[in-house]
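Numbering (this note's numbering), first residue to last: -12 to 441. Presented below is the structure to which this report refers.
Here it is in structure tokens:
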């Protein structure tokens, strides 16, 4: 460690490499925390978890008992075990007893990405509520046409305050917090929309996954989706690095610049029509814009591509990587796929076959720089290497199925929630302080004495 610190100070290694190395070492040591405990305030299954994106301090949870709770994961409420275990109780909870609370299960709970003054909950009672954190009052509500499966807000947005909502209706609706009304709807899915996710590289791009097995990309500034992922369209592995691609482009442009004049003339002659006039080619596949062969602007709306599917069944989970270059998807076919966002192709990463829930959405999580994806797999959570598909870590602690997980890149901690009503914390293992050792020895000696006496 000290040698690596010295290499970083001398400039022999990059600071980012050193930071990633330390984070990776901490992620490799993730275990059920022996010093932090979240005291769940819910009486139903945990469906959603999220740590705020501004301070990384407050954990928001949503449960099937129609409640949502907020926890302070930095400052414990009390200590147990002689000051070893920090207990974190909820700061407040909003449930059915609240005058504007939800009546049925809360399926999604997210923070307003700018600050912690607002949070949003979506429920099976067909409503999306916007809450004021300080007063715990509803400041805005949206009536949806069906059960709300997932809500999402863009962490990059500076021009809009839209909540993307996936419901059992075929249309995706965008709710505007500023106006309190629906901005517009996105039509294209043939069944309910189970999961929605904003791009991490553009505030205008939205990704949706439906029960029809389709994953669609939308530019909310234009009508119609511009890309539908097809599992039969694939590429092997990741795209080349930016430096290699730029060098290859320079070589290709230099070769194309040296073209014989005869070939240029022949290409120009081919563009001439029979009547002697040049024919303007369409930018899409160079097909004439007239006649029945006319192609639409958005490839996702073509009849041949509109029915493409990404999974054999419903799409139950989506997660865009931090750099926005790749998309992870999970389906009711118990398959996990990695997609290249630029080409829209399946990268053919062979993730190990696992059992996943098929009747409800699941929440995926990714680590910041180590290429790991955390996937709820029934009663366990598995961490897969993003490029080899092998299982790196397995987290066993829940007694029933796990529904959601959230990775905090600030402290390298993993939070998981399941049907057993518990929120578990997985953190790098930490040794007990030396001052606690005599107390533990005293307890062991006392237990031994009691056994001898009995």
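Don't be surprised by glycine CBs; every beta carbon is placed ideally from N, CA and C. The model shown is predicted, which means the values in this text are computed figures rather than measured ones.
- CA-CA distance, residue 52 to residue 82, rounds to 8 Å.
- Taking a contact to require three or more Cβ pairs closer than 8 Å, the region 59 to 77 and the region 42 to 49 qualify as touching.
- For residue 199 and residue 155, the gap between their C-alpha atoms comes out near 11 Å.
- With contacts defined as CB atoms closer than 9 Å, residue 184 and residue 144 fail to qualify as a contacting pair.
- Assignment of residue 5 by DSSP, reduced to helix, strand and coil, places it in the helix class.
- Residue pairing from DSSP places residue 401 in a beta bridge opposite 394, 413.
- According to DSSP, residue 198 shares a beta bridge with no other residue.
- Here the alpha carbon of residue 152 sits roughly 26 Å from the alpha carbon of residue 396.
- About 6 Å separates the beta carbon of residue 348 from that of residue 304, a gap short enough to meet the 8 Å contact definition.
- Measuring C-alpha to C-alpha distances from residue 386 to each of 372, 364, 307 identifies 364 as the nearest.
- By the neighbour-count criterion, in which a residue is buried when 16 or more other Cβ atoms sit within 10 angstroms of its Cβ, residue 23 is buried.
- The alpha-carbon of residue 378 is positioned some 38 Å away from that of residue 112.
- In its chain, beyond the 5 residues on either side, 332 have a beta carbon closer than 6 Å to the beta carbon of residue 220.
- 163 is the residue among 178, 29, 163 whose C-alpha sits nearest the C-alpha of residue 115.
- Rounded to whole angstroms, residue 14 and residue 180 show a C-alpha spacing of 33 Å.
- Non-local C-beta neighbours of residue 352 in its own chain, meaning closer than 8 Å and more than five positions away in sequence, comprise 306, 360, 361, 392, 393, 394, 401, ordered along the chain.
- Contact between the region 131 to 138 and the region 65 to 83 is absent: fewer than 3 CB-CB pairs across the two stretches fall below 8 Å.
- The continuous stretches of beta strand (DSSP E) do not include residue 165, and DSSP gives it neither H nor E.
- According to the DSSP assignment, residue 58 belongs to the beta strand (DSSP E) that extends over 55 to 59.
- Cβ-Cβ distances below 7 Å link residue 103 to 39, 41, 42, 45, 120 in the same chain, with the five nearest sequence neighbours on each side left out; the list follows chain order.
- Its chain contains 87, 114, 115, 116, 117 as the residues whose beta carbon lies nearer than 8 Å to that of residue 128, once the 5 sequence neighbours on both sides are disregarded; these appear in chain order.
- Scanning its chain for C-beta atoms nearer than 6 Å, with the 5 sequence neighbours on each side dropped, one finds around residue 301 the residues 181, 198, 319, in chain order.
- Residue 63 and residue 6 have their C-alpha atoms spaced approximately 27 Å apart.
- Counting the other Cβ atoms within 10 Å of the Cβ of residue 369 gives 16 or more, which makes it buried.
- DSSP, reduced to helix, strand and coil, places residue -6 within a helical segment of the structure shown.
- If you compare the alpha carbons of 202, 68, 201, 193 with that of residue 209, the shortest gap goes to 193.
- From the listed residues 335, 166, 171, the smallest Cα separation to residue 160 is found for 171.
- Cβ-Cβ distances below 7 Å link residue 358 to 372, 373, 374 in the same chain, with the five nearest sequence neighbours on each side left out; the list follows chain order.
- Note on geometry: alpha-carbon atoms of residue 367 and residue 382 lie some 6 Å from one another.
- Assignment of residue 374 by DSSP, reduced to helix, strand and coil, places it in the coil class.
- Here the alpha carbon of residue 18 sits roughly 28 Å from the alpha carbon of residue 54.
- Nearest to residue 195 by alpha-carbon distance, out of 334, 173, 109, is 173.
- Counting along the chain, residue 102 sits inside no beta strand (DSSP E), nor does DSSP assign it H or E at all.
- Partner residues in a beta bridge of residue 300, as assigned by DSSP, do not exist.
- Annotated three-state conformation of residue 30 is coil, per DSSP.
- The C-alpha of residue 311 lies about 44 Å from the C-alpha of residue 68.
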